[in-house]
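Number of protein chains: 2
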Amino acid sequence: MSSTHRREITGFSNPTVKYLRSLREKKHRKREGVFLAEGLRLLTDARECGHVPKTLVMAKGRDPHPLLDALEADVAAAGGEVIETSSDILSKITGKDNPQAVAGVFAEFDTSLAALDRSKAKIWLVSQALRDPGNLGTMLRTGDAVGAGGLILIDDCADPFSVEAVRASMGAVFTQQLAQAGWDEFVDWLRQGDGQLVAASLRDAVPYRGAPYAAPCFVLVGNESRGLPEDYEMACDLRVTMPMKGRADSLNAAVAAAVLAYEVLDTLEA
Amino acid sequence: MSSTHRREITGFSNPTVKYLRSLREKKHRKREGVFLAEGLRLLTDARECGHVPKTLVMAKGRDPHPLLDALEADVAAAGGEVIETSSDILSKITGKDNPQAVAGVFAEFDTSLAALDRSKAKIWLVSQALRDPGNLGTMLRTGDAVGAGGLILIDDCADPFSVEAVRASMGAVFTQQLAQAGWDEFVDWLRQGDGQLVAASLRDAVPYRGAPYAAPCFVLVGNESRGLPEDYEMACDLRVTMPMKGRADSLNAAVAAAVLAYEVLDTLEA
């Protein structure tokens, strides 16, 4: 493949390096409306879902790969920029000691509820005040696995476009739909159509095994340390609880969502 | 309560502060045979499981609490040290911006397989080459929730005594037994008694729902990016697979362990 359209960057202080590096901070991502994703597998997932990076950054000395060639051709065809740089500089950009050989800058998605088509899937994950980007990415990954339509982030959650969340999603940030909304806005939207809202809860709850799940089922989990506000739980159609055999009374939020989502999947597929 | 046995530390450069801060690094923990845990809830869990800190560090200006008084009395009675310091210094010790009001230094536990009594529980979690301390702590927390006996770490795993793992375990590091061993050593130990080894796997696997689980059931998950080596999977008594409806072929390791462990729990309790 011709490399004439590639731009090479050799200096750490290059303005493009500074720009790319700044995208690890939320305020810069929001201002630019873009986010960073790294790794050939993730970028290939993105490509197959129709997401072409605006900028592709490749490490010199990488192993050649036909998927990388295809990616580069797409970026060039779409008028994007292809940058070649050192592993060290790529490492500085992504903040990872052992960087992948490639990273991309993508336009952020529309995360309005209006863009969600609830009829597209039987399961949707909903998370309230989720603070940990790793948990957020893990929930996206779980959503992909259970065939969910996407993840709805309620109230003040971690940024789904952070490097940590994108990394933990293992590409699911491109396959799952994402929406962000306040609680009232979400409930208004939900009640305009079909949808069962199910909370993992300890209050007035039935066992999660064999509960009467119905599609489209919206699986709601709360904040990592505080759980869900009581009035949110009470607004749900169903409250379910998982066995707690030990001293603790709760699971990690991403774990709770996964155990519950797999149970819902089993019920809805039966 | 009398405070005459308390020692106050006001300077960041105090040798005790340096010592406590050094415990965030594995090499220092191993040399000293101790680890750090933070937060009243976690330290209370520890206390109720019979673990008294060698050193208790409390922030000045904390809210008084009867559980904290009880903790302090235990530490003093056991000949341990009670230190009072500023929130800023406590924050420097634990590496957390919003530190809890209290932290403790505990002796590391015996993590030999010989110390495990497999008859104590129907479920045991086993993790191979688990690299992420957050995942490790989450698995401990899940183990507590499903009534597992403990977590067995195979090959080169993250340190269960790291601040991150202890924090993510939400106290389960004190309620779950911990063992560390190489694969061959683990299999030798396992085959000396009852025990079904079950792998989350894609090879020659049966659906995880309704699989013939038997107690004591050892639930094995592999490394975050590589999964389990094929020969490890083939040494298992049962290989099970979870539905994967999306593009991905795997779940987060801690999520896979949890979904599987809850299924095993349901089967063994039926």
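Residue numbers (this note's numbering), protein chains in the order written: chain A, 1 to 270; chain B, 1001 to 1270. Where is the CB? At the ideal position from N, CA and C, for every residue including glycine. These numbers come from a predicted model, not from an experiment.
Nearest candidate by alpha-carbon position, reference D266 of chain A, set A:E224, A:V146, A:K30: D266 of chain A has its Cα closest to that of A:V146, out of A:E224, A:V146, A:K30.
Counterpart residues of S127 of chain A in DSSP-defined beta bridges: Answer by DSSP bridge pairing, in chain order: A:L153, A:V221.
Where A1172 of chain B falls, given that 16 or more other Cβ within 10 Å makes a residue buried: That one is buried.
Could you check whether the Cβ of Y1213 of chain B sits closer than 8 Å to any Cβ belonging to chain A? no
Round the Cβ separation of L1238 of chain B and A1211 of chain B to the nearest angstrom and send it over; I've been treating them as touching at under 8 Å. 6 Å
Can you tell me whether E185 of chain A is helix, strand or coil according to DSSP? helix
Anything in chain A within Cβ reach of Y1019 of chain B, meaning under 9 Å, just list it in chain order. Within 9 Å Cβ-Cβ: nothing; Y1019 of chain B doesn't reach chain A, min ~27 Å.
Alpha-carbon spacing of A1059 of chain B relative to V206 of chain A, whole angstroms: 41 Å
In terms of residue numbering, what span does the beta strand (DSSP E) encompassing A107 of chain A cover? 102-107
Can you pull out the residues from the segment 1214-1245 of chain B whose beta carbon lies closer than 8 Å to at least one beta carbon of chain A? M1242, P1243, M1244, K1245
Can you check whether the CB of Q192 of chain A is closer than 8 Å to the CB of V154 of chain A? With the sequence shown as reference, residue 154 of chain A is identified as Ile, and Val is not the correct amino acid for it. No, the pair does not count as a contact, with Cβ atoms beyond the cut-off.
Residues of the segment 131-146 of chain A with a CB closer than 7 Å to any CB of chain B: list them in chain order, please. G134, T138, R141, T142, D144, A145, V146
Which residues DSSP lists as bridging Q192 of chain A, in chain order: In DSSP, Q192 of chain A forms no bridge with anything.
Excluding sequence positions up to five away, which residues of its chain have a Cβ less than 6 Å from the Cβ of I1152 of chain B? V1126, A1179
Backbone CA spacing between D88 of chain A and A101 of chain A [nearest angstrom]: 11 Å
Just to confirm, is the Cβ distance from T1094 of chain B to V1052 of chain B under 8 Å? no
May I ask you to report which of helix, strand or coil DSSP gives R1047 of chain B? helix
Could you please tell me which residues of the segment 1250-1261 of chain B, in chain order, have their CB closer than 7 Å to any CB of chain A? L1251, N1252, A1254, V1255, A1258, V1259
Thinking C-alpha only, which one of A:S86, A:A77, A:K96, A:R41 is nearest L67 of chain A? Cα-wise, what sits closest to L67 of chain A is A:R41.
CB contact check: R209 of chain A to chain B, cutoff 8 Å: yes
Could you name the residues of the same chain whose beta carbon sits closer than 7 Å to that of Y19 of chain A, not counting the 5 residues immediately before and after it, in chain order? none
Roughly how many angstroms separate the alpha carbons of A1037 of chain B and P1099 of chain B, rounded to a whole number? 11 Å
Taking all protein chains shown into account, decide if C49 of chain A is buried (16 or more other Cβ within 10 angstroms of its Cβ) or exposed. Its Cβ having fewer than 16 others within 10 Å, C49 of chain A is exposed.
Just list the beta strand (DSSP E) runs in the segment 1055-1112 of chain B, keeping only unbroken ones of 3 residues or longer that don't cross its boundaries, in chain order. 1055-1059, 1081-1085, 1102-1107
With a threshold of 8 Å between beta carbons, is G39 of chain A in contact with chain B? no
I'd like the span of the beta strand (DSSP E) that includes V240 of chain A, first residue to last. 238-241
Where the alpha helix (DSSP H) through L23 of chain A begins and ends: Segment: none, L23 of chain A is in no alpha helix (DSSP H) and carries neither H nor E.
Give every residue of the same chain whose Cβ lies closer than 8 Å to the Cβ of V1034 of chain B, excluding the five residues on either side of it in the sequence, and list them in chain order. L1023, K1054, V1105, F1106, A1107, E1108
What did DSSP end up calling G1137 of chain B once you bin it into helix, strand or coil? The answer is helix: DSSP assigns G1137 of chain B an H, G or I state.
Tell me the residue span of the alpha helix (DSSP H) that contains F174 of chain A. Per DSSP, the continuous alpha helix (DSSP H) segment holding F174 of chain A begins and ends at 172-175.
Looking only at its chain, what residues have a beta carbon closer than 6 Å to the beta carbon of K26 of chain A, apart from the 5 residues adjacent to it on each side? Shown here for K26 of chain A: same chain residues with a beta carbon closer than 6 Å to its own, the five before and five after excluded, namely D159 in chain order.
Output yes if chain B places a C-beta closer than 8 Å to the C-beta of A101 of chain A; else output no. no
How is the alpha helix (DSSP H) around A1254 of chain B delimited, first residue to last? 1253-1269
Let me confirm a value: T222 of chain A is counted as buried when at least 16 other C-beta atoms fall within 10 Å, else exposed. Which label applies? The sequence as given places Gly at residue 222 of chain A; Thr does not occur at that position. Buried.
Using DSSP bridges, identify the partner residues of G227 of chain A. A:N223, per the DSSP bridge assignment.
Using a 10 Å radius around the Cβ and a threshold of 16 neighbouring Cβ atoms, would you call K122 of chain A buried or exposed? buried
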